[in-house]
Structure formats: structure tokens, C-alpha cells
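The structure appears below as C-alpha cells.
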Amino acid sequence: MKKLFIVANWKSNKTIPEAKEWLEKFEGLDLEITPEEKEIIVCPPFTLLPDMKAIIDEKKIPIKLGTQDISPYIDGAYTGAISARNAKDLVTHAIVGHSERRRLFHETDEEVLSKVKQLLENSLTPILCISDMNQLEFYLKEDDVLVTNADKIVFVFEPPSAISGGGAFHAEDPQVINTNTSEIGKMIGKTVTTLYGGSVNPDNAKALFELEHVAGGLIGQASLDPEKFTHIITPA
Ligand code: PGA
1 MKKLFIVANW KSNKTIPEAK EWLEKFEGLD LEITPEEKEI IVCPPFTLLP DMKAIIDEKK
61 IPIKLGTQDI SPYIDGAYTG AISARNAKDL VTHAIVGHSE RRRLFHETDE EVLSKVKQLL
121 ENSLTPILCI SDMNQLEFYL KEDDVLVTNA DKIVFVFEPP SAISGGGAFH AEDPQVINTN
181 TSEIGKMIGK TVTTLYGGSV NPDNAKALFE LEHVAGGLIG QASLDPEKFT HIITPA
């Protein structure tokens, strides 16, 4: 059985009390999660991380934490930015290159690559979103960091058109998902972990995760509700 990676992307949602309530409900659902079989990574806004980490550690909830972005710079005079070293006591992972950051915050391919490097230098795992294969082509032409660290990166094929944006679900065609997730491995030239993101929900998760080259999903809207999220982790 392949190991499943489920990443929750909470985007700009939830207050500290709401995050505590989510964790309480999630814990109450009492899932059997063996880390060898399933890796659950929740990426909340930065402000929720210290409280969530304290609860997860205290109650031994089988969840890892990640950020939704990271600075492309090291520590220093970069007002407002959170560096990989700033975050490393709280998280193990970080989403980088999400299409919302590209579209709304004008993030470039060069910056995404710098972010990946900052994370790897600080022993954090990049969850690298790839909207289309041109982005990956650019990274591979620019630098060998993705190839040399392929086993330390989680790749996500996430076409922007499939993202729910909090509205209706309209996932990408499974055939297209399988082709593109397979293509990522082929372009890297190594065995890599590839996830799919965009409108994953309790109704389609099982079928999507069974696709040959898909090792799990990046879940936005459906991760905000602990019960829905649970049904994605353990589909009926
Ligand atoms: P969605 O978001 O699951 O709400 O489509 C996924 C994402 O943007 O990472």
C-alpha cells in the first residue's frame, strides 16, 4: 500500500479559538493514523502555529504543522517576512509556489526557487505547488536543487482552474492529473512524491488518491471542517 500524504491548506482562515476547536474535534474523531501509512500536515496561518503546536505536542495528535509560505531570504532586515529559520521550531513543512501567491502577491519563479533553497538549508520540507509544467521546466533549467533534493521535497500538481476558492468543487480530470503527476517524476528523473490539489473533497478523495501517480492531496476548503477532513483522510 502506498503511503498517503494529506496536506491541509487553511489559507487566511480561523482565529486561535477556532483552531483550538478544530483540533479538539479532530482529536475527538479518534482516527487510527499510523505515521508509516499516512502523513497529515496542517498548514494554518502563521499566527495559529504556537498554540496549535502546544496542543498537538501535549495531546500527541498525529499531525505535523507547516506554513503556507516562507521568505525567500535568510534572517535579517526583511520587514514582515518570516524566514525558514524563524519558523523551524514550529513546523516541519512549508507550502511554496501556491498559485494564489503568484496571482495575488506577484510571486515569481525565481522567488519560489529561493524559498525552496531556504527551506532545504533549514531542514524543512518544501511542499512545492506546480501549476503547469512550464514552471517545473524553469526550475530545472535554472538550478539542480530540485533534482539533488528530490527525496526531500513533496511535489503538488495543482492547476489553478481546479481550485475551489471557497466556492463549488470542480476537480481536474483524473486522466490529466495522472499524466501530469507522472510527468513531474519523469522530468525530475527520479522517484518523487507527487500530490494533487484542487477541489479535493470527501466525495472524490478516494478515487483521486487511487490514481497511480498520486500519493495524496493538498486540501483547501474541505480541510476547514474537521469532519470533512477526516473523511478525506479515511474515505468511506
Ligand atoms: P481547494 O484549495 O481544495 O479549496 O480547491 C486547494 C488549494 O488551493 O490548495
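Sequential numbering of the sequence shown, starting at 1, is according to the numbering used here. The C-beta atom is built at its ideal place from N, Cα and C for all residues, glycine as well. The structure presented is a predicted model; accordingly, all values stated were derived computationally and were not measured.
Can you name, in chain order, every residue of its own chain whose Cβ lies under 6 Å from the Cβ of residue i, other than the five neighbours on each side?
i, result
"I233", "I6"
"I56", "I63"
"V112", "V96, G97"
"N201", "F169, A222"
"K38", "L4"
Between the options, which has its C-alpha nearest residue i's C-alpha?
i, options, result
"V147", "I95, D132, I184", "I184"
"G239", "G217, I74, L120, V116", "Past the edges of the chain, shown from 1 to 236, lies residue 239, and the structure says nothing about it."
"T34", "K20, K60, T47, L23", "K60"
"E227", "E210, D203, E212, D144", "D203"
"I188", "D144, K14, L208", "D144"
"T191", "D75, D151, L29", "D151"
"A205", "T193, E58, I219", "I219"
"E27", "T47, T193, E58", "E58"
"P17", "M1, K38, T47", "T47"
"N149", "T193, A54, K38", "T193"
"K2", "K25, W22, K14, E36", "E36"
If I measure Cβ to Cβ from residue i and keep anything under 7 Å in the same chain, skipping five residues before and after, which residues do I get?
i, result
"L31", "T230, I233, T234"
"L49", "L65, L90, V91"
"H170", "A162, S199"
"E172", "P159, A162, G198"
Buried or exposed for residue i, please, with buried defined as at least 16 other CB atoms from any protein chain shown within 10 angstroms of its CB.
i, result
"A222", "buried"
"N134", "exposed"
"Y196", "buried"
"S12", "exposed"
"F105", "exposed"
"M52", "buried"
"P72", "buried"
"G167", "exposed"
"Q68", "buried"
"L136", "buried"
"Y78", "exposed"
"A19", "buried"
"P29", "The question names Pro, but residue 29 is Leu in the sequence shown. With fewer than 16 other Cβ atoms within 10 Å, it is exposed."
"T179", "exposed"
"T181", "buried"
Please work out which residues of its chain come closer than 8 Å, Cβ to Cβ, to residue i, disregarding the five sequence neighbours upstream and downstream, and give them in chain order.
i, result
"I290", "It is not possible to answer for residue 290, since the shown part of the chain is limited to 1 through 236."
"E142", "D109, E110, L113"
"L208", "A171, P174, I177, Y196, V200, V214, G217"
"E107", "G97, R101"
"N9", "C43, Q68, I95, H98, G197, L218, I219, G220, S223"
(message) Tell me whether the region 31-44 and the region 59-79 touch, counting them as touching only if at least three CB pairs, one residue from each stretch, are closer than 8 Å.
(response) These segments touch.
(message) Tell me whether the region 123-130 and the region 92-110 touch, counting them as touching only if at least three CB pairs, one residue from each stretch, are closer than 8 Å.
(response) Between the region 123-130 and the region 92-110, the count of Cβ pairs shorter than 8 Å is three or higher; the stretches touch.
(message) Is it the case that the region 157-165 contacts the region 115-124, given that we only count it when at least three CB pairs across the two stretches are under 8 Å?
(response) Touching, no.
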